[in-house]
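Numbering (UniProt numbering), first residue to last: 1 to 223. To start, the structure itself, in structure tokens.
Put into structure tokens, the structure is as follows:
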């Protein structure tokens, strides 16, 4: 008979298990009934938690359904923080996406990936779910902008490079995910990501998937 861990580590594990159960229950109910047929109370009941516990984790059913997608933004930003300081910003974002792909999909079964594809399809069909997804996406991108600004040592309110970098990288990732969902091949995501981010090579000066910084000096001749 196993012994349940106590203390901070044990509590964290129980909290994580409860959260995962709620996300799984919310997604299952979405697939079974559609968004309008899902209630917070039903999610909590199926996950084996109280309504109060649900509210400590999620403000509503949409956020619970998108729980794993929200975690993806945190994973990318955590990886972005750890990239080498001298790496070009857009390349750093791409490498952070690669880290997310390895972490998120490397060990998953095809059935899990099929569920994720179906979830992205539902996001496009359900306006409330799409709005919640946009909110999560914007929050993650704003954090990415702050991280890139810190790497460059600039104020993102003045210097446009952090916002342009993240807009380019995150926009490309969104295009990747849409193509993945349309194609329906669960195993195609890494190859699609490489193809789409690789396409940036032909769009950037110097043929590099990173930002090229050109400093121009003006010389004034005096008589």
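A virtual CB, placed ideally from N, CA and C, is assigned to each residue, including glycine.
Residues in its own chain within less than 6 Å of residue 47 by CB, not counting five upstream and five downstream?
21, 22 and 25
Integer Cβ distance of residue 148 from residue 59, believed to fall under 8 Å:
Not really, about 28 Å apart at Cβ, beyond 8 Å.
Helix, strand or coil for residue 25? Go by DSSP, reduced to three states.
helix
With a threshold of 8 Å, are at least 3 pairs of Cβ atoms found where one atom belongs to the segment 60-77 and the other to the segment 118-137?
yes
Residue 193 - DSSP class collapsed to helix/strand/coil
helix
Could you have a look at residue 58 and say whether DSSP puts it in helix, strand or coil?
coil
With a floor of 3 residues, list each beta strand (DSSP E) that falls wholly inside the segment 37-94, ordered by position along the chain.
none
Give the C-beta separation of residue 44 and residue 51 to the nearest angstrom, bearing in mind that I take them to be a contact with Cβ-Cβ under 8 Å.
5 Å
Using the C-alpha atoms, what's the distance from residue 194 back to residue 201?
11 Å
Label residue 84 either buried or exposed according to how many other C-beta atoms from any shown protein chain fall within 10 Å of its C-beta, with 16 as the threshold for buried.
exposed
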